[in-house]
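Asker:
Numbering (our numbering), first residue to last: 129 to 294.
1) With DSSP run on the structure shown, which of helix, strand or coil describes residue 189?
2) Answer yes or no: do residue 187 and residue 276 have a C-beta to C-beta separation smaller than 8 angstroms?
3) Between the C-alpha atoms of residue 270 and residue 217, what's the straight-line distance to the nearest angstrom?
4) Taking the straight line between their C-alpha atoms, what separation do you get for residue 237 and residue 165?
5) Hey, residue 219 and residue 183 are a contact pair by Cβ (cut 8 angstroms); roughly how many whole angstroms apart?
6) Quick check on DSSP: helix, strand or coil for residue 226?
7) Among 190, 214, 191, 221, which residue has its Cα nearest to the Cα of residue 156?
8) Helix, strand or coil for residue 147, going by three-state DSSP, please let me know.
9) Hey, out of 257, 239, 215, whose CA is closest to residue 249's CA?
10) Return the bridge partner residues of residue 242 from the DSSP annotation.
11) Go ahead and pull the three-state DSSP assignment for residue 201.
12) Helix, strand or coil for residue 182 per DSSP?
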């Protein structure tokens, strides 16, 4: 994985206060992508990702690149597909990362933490995501994050649009 000059992932701007806990989680996720840059630096990954990582995937079966890299199933998947984070946002115990390459290669990863360790990965490939937080028993919600509009222009055809409620 290479970060293209000028396309370095930036924390998403939003109103509200980012806690120290959220900053730490965001930095840990950045470390994961840097470790992937170094041909899956397993020592660094083992320190921040739980061995029994809960993984959930939505997308075409042939696009399960991240799991193949994390499990060591395929080092060629790592070379064939490059994860280039374009936008990162910490939301409580989760970090949402968005990236894309060319037409038809859009992905969102939602990493979940427990006690500073990544315990869950939700991976969405060619799927638009809206993350909401339920704020009342009446069903009121606050939108915390949404796939960028730039992706709609880059990806040809329609994509499924899912809501992740946290």
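Even glycine gets a Cβ: it sits at the ideal position worked out from N, Cα and C.
Answerer: By the coordinates alone:
1) Correct three-state label for residue 189: helix.
2) no
3) 15 angstroms
4) 17 angstroms
5) So it is not a contact: roughly 19 angstroms between Cβ atoms.
6) strand
7) It is 221 whose Cα lies nearest to the Cα of residue 156.
8) coil
9) 239
10) Per the DSSP secondary-structure output, residue 242 pairs in a beta bridge with 245.
11) In this structure, residue 201 counts as coil in the three-state DSSP scheme.
12) strand
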